[in-house]
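What follows is a set of notes on a single structure, which appears directly below.
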Amino acid sequence: MPNSNRFELEQQELNLRNARMGAWFVMILVPLCCFLDWMAYPERFWQFLVLRLACAASCVPLLLALNGSLGRKYCRAYPVVLPLLPAVMICFMIYLSGDPGSGYYAGLTLCIVATAFVFHWTFREIGLTLGLVLLAYLAATLPNLRTSDDPRALGIFVNNTGFILLNCVVLYFGSRQHHAIRLREFASRCKVEDQREELAARNDELTETLNRLRETEAQLAQSEKLASIGRLGAGIVHEINNPLNYVKSAVYLLKKKGKTLPPEIAESFNSIAADIGEGIDRVAAIVSDLRTFAHPENRGLRPIDLHETSRKALRLLVKEISDRGVALVDEIPAGTIVQGDENHLIQILLNLVQNSMDALAGCQQATILVKAVETATGVDLIVRDNGTGIPKENLSKIFDPFFTTKQVGQGMGLGLSICFRLIQQMGGEVRIDTEEGSHTQFTISLKKPENA
């Protein structure tokens with residue numbers, strides 16, 4: 001909002017507030033001053049009382065209008081109208097008194113001085129108000145001056161008029177000075193506010209930069225851990241594969257020898273040998289999956305079979321899933337191809353499924369659903385559980401680095417933050433649908449290969 005418009009709005013609110021106060025002053029003080037009439041003009045007391053009550057009553061519609069759109073529209077008229085009401089009443093009293101040297105001229109001075117304190121007059125408003133008050137005084141006094149027989153009447157009139165004029169001059173220039181001071185104060189306040197907003201924006205920028213730095217540091221730390229695990233995994237695979245090959249060879253020889261056994265023994269023998277072979281193959285697959293997951297090699301985005309990738313990830317968690325009594329439903333169709341990074345997808349699935357298992361602790365019929373749904377632009381990978389859900393106050397923070405609701409030692413709060421970054425690197429998006437006590441669903445939108 002431009003500063004000039006803002007200044008006008010502030011003046012409008014100030015005038016509306018001060019107009020209410022000014023109207024109440026007129027309604028209360030004007031009738032209360034009727035004792036002055038009793039002291040100065042007792043013969044006209046009742047006549048003047050009627051004028052005072054009429055003046056007070058005329059403020060009622062002005063006060064009521066302040067609460068509506070009409071009062072807000074004509075708020076600039078109140079600094080002129082409110083002092084004129086008692087001023088015209090006083091001038092009418094001076095006229096009815098027939099006294100050109102009436103001391104009631106002091107009431108006019110009181111009206112304009114009080115209004116100058118209540119309202120912040122502009123140049124035009126104060127000039128118009130003072131001019132109208134002076135004209136009303138002259139119109140009320142000059143007829144009495146013509147008919148007066150008192151030789152001092154002219155001198156008193158000139159004296160009273162001089163006091164009113166001096167008050168008008170002082171108030172006019174004082175109001176001009178006050179208005180200039182208010183403009184300078186407003187400009188200074190706007191400058192301070194602009195500087196505060198600029199400082200807040202820089203603070204936000206600095207905070208965002210620090211957050212990105214923390215995320216980068218966390219990513220570097222995680223990458224270093226993965227590199228270490230990758231080197232360890234490569235060594236483990238090399239060390240384990242050698243004895244596995246010996247075992248595989250031994251199982252092969254056993255199966256070959258089993259053909260020469262009697263039929264009643266061969267069937268049981270071959271079944272046991274097949275189980276041993278299957279177990280060996282499973283150990284080899286787990287070790288190979290561990291290397292695929294942990295190795296820091298970045299092979300970039302390429303077509304990935306989401307079905308096979310999910311099998312690799314879930315195979316690493318099969319024992320933990322079984323131990324926790326969780327039912328895992330895998331509904332990813334075979335041949336679902338997406339554009340992505342296999343390492344990243346394995347890490348994302350592992351993290352989401354582990355979080356789901358944590359949320360399912362103590363739940364009845366604990367179930368995790370993993371499925372893929374083709375969309376117009378790609379494939380949605382969905383991980384859904386029927387656990388405790390995520391509280392609303394935590395939804396905006398779950399992807400923040402180091403934010404966690406787990407107990408100390410059970411997690412650093414990096415998992416979802418890393419997943420979010422990995423999804424972004426693959427050009428995907430993530431959405432959350434959750435309800436406390438009902439479910440949590442993560443939907444990861446992945447792109448299809450361009451030639452698919």
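Counting along the sequence shown from 1, when you hit position 266 you're at 266 in the working numbering, and nothing is skipped either side. Built from N, CA and C at the ideal position, the CB exists for glycine as well.
Shown here, I390 sits in coil according to DSSP, grouped into three states, outside any helix or strand. In this structure, K447 places its C-beta atom within 8 Å of the C-beta atom of G378.
In the same chain as E435, and ignoring 5 residues on each side of it, the C-beta atoms closer than 7 Å to its own belong to G389, in chain order. In the structure shown, the three-state DSSP call for P333 is coil. Every beta strand (DSSP E) stretch that sits fully inside the stretch 309-374 and reaches 3 residues is listed by chain position as 327-331, 337-340, 367-374. Taking L301 as the centre and dropping the five residues before and after it, the same chain places the C-beta of Q339, G340, D341, M426 closer than 7 Å to its C-beta, in chain order. Bridge partners of S69 according to DSSP: none are assigned. It is roughly 26 Å from the alpha-carbon of S102 to the alpha-carbon of P79.
Between V133 and L166, the beta carbon gap of about 14 Å keeps them out of contact (Cβ cut-off 8 Å).
In this structure V50 is exposed. Its beta-carbon is surrounded by fewer than 16 other beta-carbon atoms within 10 angstroms.
Setting aside the 5 residues that flank it on each side, T375 is surrounded in the same chain by S445, each with a C-beta closer than 8 Å to its C-beta; the list follows chain order.
A distance of 8 Å or more separates the beta carbons of F92 and A153. For S438, the three-state secondary structure derived from DSSP is coil.
Scanning its chain for C-beta atoms nearer than 7 Å, with the 5 sequence neighbours on each side dropped, one finds around F269 the residues G258, L261, in chain order. When the alpha-carbon of A366 is set against those of V373, A372, N355, the nearest one is in N355. Taking C-beta atoms as the reference points, C34 and F48 count as a pair closer than 8 Å. In the three-state reduction of the DSSP assignment, L166 falls in the helix class, which pools H, G and I. E197 is classed as exposed because its beta carbon has fewer than 16 other beta carbons within 10 Å across all chains shown. Put simply, the backbone Cα of D433 is about 5 Å away from that of Q441.
E193 sits in a helix when the DSSP states are folded into three classes.
For D150, no beta strand (DSSP E) run applies, since DSSP gives it neither H nor E.
Distance from the CA atom of N203 to the CA atom of C419, rounded to whole angstroms, is 27 Å. By DSSP's assignment, D433 forms a beta bridge with Q441. With contacts defined by Cβ atoms closer than 8 Å, L82 and G22 form a contacting pair. Scanning M27, N211, L63 for the CA closest to the CA of K397 turns up N211. The bridge partners DSSP lists for I276 come to none. DSSP places L16 in the helix class (H, G or I) of the three-state scheme. Taken atom to atom, the span from the alpha-carbon of V370 to that of I280 is near 27 Å. Taking C-beta separations shorter than 6 Å and ignoring five residues to either side along the sequence, the partners of R431 in its chain run T443, following chain order.
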